[in-house]
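Peer 1: Sharing a structure here in structure tokens format.
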Amino acid sequence: MTDSPGRVLVVDDEPALARALAINLRAHGWEVVTAADGRSALDAAATTHPDVVVLDLGLPDMDGTEVIAGLRGWTSVPIVVLSARQDGEDKVEALDLGADDYVTKPFAMNELMARLRAAVRRAADGSPALTEVVAGDLVVDLARKKVRRSGVDVQLTPTEWAFVEVLARNVGKLVPREQLLREVWGPGYTREHHYLRVYAAQLRRKLEDDPAHPRHLLTTSGLGYTLEP
């Protein structure tokens with residue numbers, strides 16, 4: 005018997021299709037994990053670390069594109085979209101958000117298998133996903149989009165989280181102001197430096213023991229910000 009091609013996370017809310025996929029994938033040697041909604045998919049990805057994700061876009065609790073965005077916040081795992089949506093804009097959006105491939109339903113099982121193997125091969129030389137960043141008593145959970153301080157969840161707004169996430173993905177490195185503005189607010193905001201000062205102050209009040217003398221969220225005047233471990 006050949007070695008397993010890897011672990012696949014199948015995300016689909018149609019029980020019959022999910023079951024058929026799981027049976028066929030296991031028959032081809034894959035280890036299979038299933039999820040029926042977006043939240044379960046993100047949790048399963050964080051706990052089981054699949055080698056590839058097969059993702060339907062039409063999920064009951066969130067759109068599949070939101071799952072792609074959530075995964076891409078912390079992992080480069082290959083994502084193969086499997087969807088009945090054939091509109092070109094849907095495909096472009098999914099690929100722009102970070103999907104690696106797009107297969108429309110109905111599909112041929114042997115074609116899907118070939119695409120999964122190809123996606124895993126392309127990712128084989130990548131580095132392991134970074135799921136958590138620790139900075140003193142702070143834990144930035146990139147998979148679940150949460151920050152804990154001394155073991156207690158810190159309530160952040162979506163914009164505050166986006167600010168922290170960019171710094172955490174570059175922990176210990178200076179992130180230029182323009183990069184932060186572009187990634188958090190968009191390409192039209194790269195001159196709005198006052199946004200950074202306001203949000204950095206808010207975050208320090210939530211994350212630092214002494215906001216006036218921060219140890220982790222540091223500013224390099226005129227250049228950018230760093231999350232120091």
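So for the sequence shown, our numbering puts the first residue at 5; every next one is plus one.
Positions of the beta carbon are idealized from the N, C-alpha and C atoms, including for glycine.
Pull up the distance between the alpha-carbon of V224 and that of L231, whole angstroms please.
Peer 2: As written in the sequence, residue 224 is Thr, which differs from the Val given in the question. Roughly 11 Å separates the two Cα atoms.
Peer 1: Does DSSP put M5 in a helix, in a strand, or in coil?
Peer 2: Because M5 sits at a pLDDT of 40, beneath the cut-off of 50, its placement in the model cannot be relied upon, and the point is left open.
Peer 1: Between the segment 72-90 and the segment 47-60, are three or more C-beta pairs nearer than 8 Å?
Peer 2: Flag = yes, the segment 72-90 and the segment 47-60 touch.
Peer 1: Since V144 contacts V170 with CB under 8 Å, what's their CB separation in whole angstroms?
Peer 2: Contact doesn't hold; Cβ gap of about 11 Å is too wide.
Peer 1: Tell me the rounded alpha-carbon separation between T6 and A128.
Peer 2: Low per-residue confidence applies at T6: pLDDT is 49, beneath 50, and the placement is therefore not dependable enough to give any value.
Peer 1: I need the straight-line Cα distance from E136 to M113, nearest angstrom please.
Peer 2: Roughly 35 Å between the two C-alpha positions.
Peer 1: I'd like to know if the segment 207-220 and the segment 155-168 are in contact, where contact means that at least 3 CB-CB pairs between them fall below 8 Å.
Peer 2: The segment 207-220, when compared against the segment 155-168, does touch it at the 8 Å Cβ threshold.
Peer 1: Between the C-alpha atoms of D16 and G62, what's the straight-line distance to the nearest angstrom?
Peer 2: So the two alpha carbons sit approximately 8 Å from each other.
Peer 1: State the Cα-Cα distance for the pair L25 and R126, rounded to the nearest angstrom.
Peer 2: Straight-line Cα distance between these residues: approximately 22 Å.
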